[in-house]
Amino acid sequence: MNWAKWRKNTAQPESRTGKAALLLTAAALTMPAMAAAKDSGHSSRPKNIVVIVLDDVGFSDIGAFGSEIRTPAIDSLAAGGLRFNRFDTKAVCSPTRAALLTGRNPQTVRMADLPAHVLDPTDLTRDRGELPSNARTIAQVLRASGYETHGFGKWHLAPETEDGTPGKNGSWPLQRGFDSFYGFFLGWTDQYHPKLIEGNRRIAAPETPGYHFSVDITDRAIAALPAPQTGQKARPRFIYLAYGAGHAPIQVPRPWIDAYAGVYEKGWDAMRADRLARQKALGIVPQETQLPARNPGDRAWNDLTPTEQTVFARFMATYAGFISHTDAQIGRLVQHLKATGQFDNTLIVFMSDNGAASEAGQAGNFERLYAPNKLTPEQMLARLDELGTDKTQSEYQRPWAMLGATPFRRYKLWPQAGGVRTPMIVSWPGVVKDKGAIRRQYVDVVDIAPTLADAAGTRFPAKIGTTAELPLAGRSIRNIVKSATAPGRDVQYFELRGNRAITSGKWRAVSIHRQGQDFDKDVWQLFDTEADFSESTDLAAQYPAKLEDLKRLWWREARKYSTPALAEAPERFRMREAFDDSPDRPVLPQPKTSAETEQ
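In my numbering, the protein residues as written are 3 to 601.
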């Protein structure tokens, strides 16, 4: 694929209202830096490290990974850096973020699911919901190596009863290695009226006209990366920038939504095929990749009524506008780094925390997240202009998540590739020589923190004082960044709410667990990911001996990293997702905890 042509074709058109600023195009991002102060040469240690994490953004939701969603800034990072097409997460936010920041499997650091609501101090299992003190984060490691450390955006790694006061803030960011933190504490927040924390305290939501959380945290990230001053030696900086986008509520000013008018009326079924075609043209998936059948329970687009098609298309246009708006913020950050001469010696890792979100079922959520949508399509149509505003906390219909997961099965929370596989881009101009290349080695999110430490010329400590640190599960992929032939990860196990998966070389086995059923009755599937990138064909019956080998390997890995190795999901998460072929989540009583504790 010709990258110049790709960037031209994906440039953001001006909003039809004319009131919104144009998106920053990739061409603008490549303008020469105008600042006089520049880094001299490329040291092996990056001057800055920036980790950008999106939320609930699927493998194919970024332009450089085959999407029709316009993301020129992210695409520019891909054009000058590397795309990874076999990067796996933990299928839900908190376990992924725990693995990302610590380099350990989430079960090892007692974050196998979401953080505890009320901490049980006697619980020392994988489900405690609190990171142990002897698991350094990458922020702690980099700060010890001389970096300033700043976090912005989503945290969601602390028991909900911690309020930031002394004795009740051990899992807050400042106690986990950050010099400063500004963002939100739980799983999601309103983008116009966020529930904020700063440092170790809760603060009031901004009441500035035109406020949007993505803009706010980008402004602060830019401020944390000031231009170098002549004659002054500044400390290197680590920026953890965890956007609320594209997690629901999908909220963005209307011009960004209107920019996608007419795009999604084609529907999710046809657009899955379109995305796969683009992915093949880009080389992000093999040419022989097959598109699996529509997920069971998900409606066919052609079976919708005309009203449903109109309404549902607007939901997806809102999500797409949300992603494009976020891309523009990333573009502002990148342009700042270029204008101040810092970009060439900044290591940027861009990723999403799990696959596209499926929680809203076939009807979507309109007024309120994680609550049944009681509005008819006709009622939603009458209020369609409220989508994207602070009058609604909406989430798109589940089949749109199937589109986001193209070319894989399922979506967020599930062990199939649609739940765990997300886009990842590494930009490091001083190190990446084959710019625009695709890395096909297998990489897991546990590998990111060791890589950042390695890049900074340091490592995670084996002990602090006399206390042994929990051993890492991840390993540096710096050699993969440098070379297309360097070996990737060979083995990685997965478990979430009783669902299991194991990868070993080209083989991947997956098992879905029915809550409360004997684990020995779980049915396993087997895939040859070398011949079948999308995991479309189950080979369990054809290779039973290989499947048994992988099941034994899963148990060995689980016993190594998890205590206990396997158990039912914590009670408050059981049946939150049925993991069957039903079209919607089970209807459950509203939990006593805040709805914002949802993933």
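Glycine is no exception: its CB is placed at the ideal position from the N, C-alpha and C atoms. Just so it is clear, the structure is predicted and the values come from calculations on it, not from any experiment.
DSSP links residue 150 through a beta bridge to 239.
Just measuring C-alpha positions, the residue of 95, 128, 349, 278 sitting nearest residue 187 is 95. Counted as a single uninterrupted DSSP element, the stretch harbouring residue 111 is not any alpha helix (DSSP H), since DSSP gives it neither H nor E. No beta strand (DSSP E) of 3 residues or more sits fully in the segment 262 to 350. Counting every other CB atom within 10 Å of its CB across the protein chains shown gives residue 162 a total of 16 or more, marking it as buried.
Rounded to whole angstroms, the gap between the alpha carbons of residue 258 and residue 71 is 11 Å. By the C-beta criterion, the segment 131 to 148 is judged to be in contact with the segment 115 to 123, since at least 3 inter-stretch pairs fall below 8 Å. The continuous stretches of beta strand (DSSP E) do not include residue 127, and DSSP gives it neither H nor E.
With respect to the 7 Å criterion, residue 51 and residue 454 are classified as neighbours on the basis of their beta carbons. Counted as a single uninterrupted DSSP element, the alpha helix (DSSP H) harbouring residue 380 occupies residues 379 to 384. Ranked by Cα distance from residue 355, the options 367, 446, 368, 271 are led by 446. Here the segment 55 to 65 lies against the segment 350 to 366, with 3 or more beta-carbon pairs under 8 Å apart.
Counting only the Cα atoms, residue 437 lies some 20 Å from residue 69.
By the Cβ-count criterion, residue 340 is buried, with 16 or more other Cβ atoms from all chains shown falling within 10 Å of its own Cβ.
Assignment of residue 446 by DSSP, reduced to helix, strand and coil, places it in the strand class. Listed in chain order, the beta strand (DSSP E) runs fully inside the segment 523 to 597 are 525 to 530, counting runs of at least 3 residues. For residue 218 and residue 143, the gap between their C-alpha atoms comes out near 27 Å. Looking at the DSSP output, residue 496 bridges to 503. By the neighbour-count criterion, in which 16 or more other beta carbons inside 10 Å mark a residue as buried, residue 450 falls on the buried side.
Taking C-beta atoms under 8 Å as the contact rule, residue 325 and residue 87 fail to qualify, at a distance of about 19 Å. Residue 402: member of the alpha helix (DSSP H) spanning 400 to 406, first to last residue. Residue nearest to residue 328 within the set 292, 452, 220 is 220 (criterion: CA-CA distance).
Per DSSP, reduced to three states, the secondary structure at residue 355 is coil, with no helix or strand assignment. Residue 217 carries a helical assignment under DSSP once its states are collapsed to helix, strand and coil.
Residue environment for residue 106: buried (at least 16 other C-beta atoms within 10 angstroms of its C-beta). Under the 10 Å beta carbon count, residue 126 is surrounded by fewer than 16 other beta carbons and is classified as exposed.
Judged by beta-carbon spacing, residue 407 lies beyond the 7 Å limit of residue 366, meaning their Cβ atoms are not closer than that value. Under the 10 Å beta carbon count, residue 82 is surrounded by 16 or more other beta carbons and is classified as buried.
Close CB contacts of residue 443 within its chain, under the 8 Å cut and outside five residues either way in sequence, are with 86, 88, 479, 482, 488, 489, 490, 491 (chain order). The beta-carbon distance between residue 563 and residue 110, rounded to whole angstroms, is 5 Å. This is short enough to meet the 8 Å contact definition. The distance from the Cβ of residue 571 to that of residue 560 is about 15 Å, inconsistent with a contact at the 8 Å cut-off.
Apart from the 5 residues on each side of it in sequence, residue 319 sits with its Cβ closer than 6 Å to the Cβ of 259, 262, 266 in its chain, given in chain order.
In terms of Cα proximity to residue 138, the closest of 314, 273, 102 is 102.
Around the C-beta of residue 189, 16 or more other C-beta atoms lie within 10 Å, and the residue is accordingly described as buried. Measuring C-alpha to C-alpha distances from residue 484 to each of 434, 545, 141 identifies 434 as the nearest.
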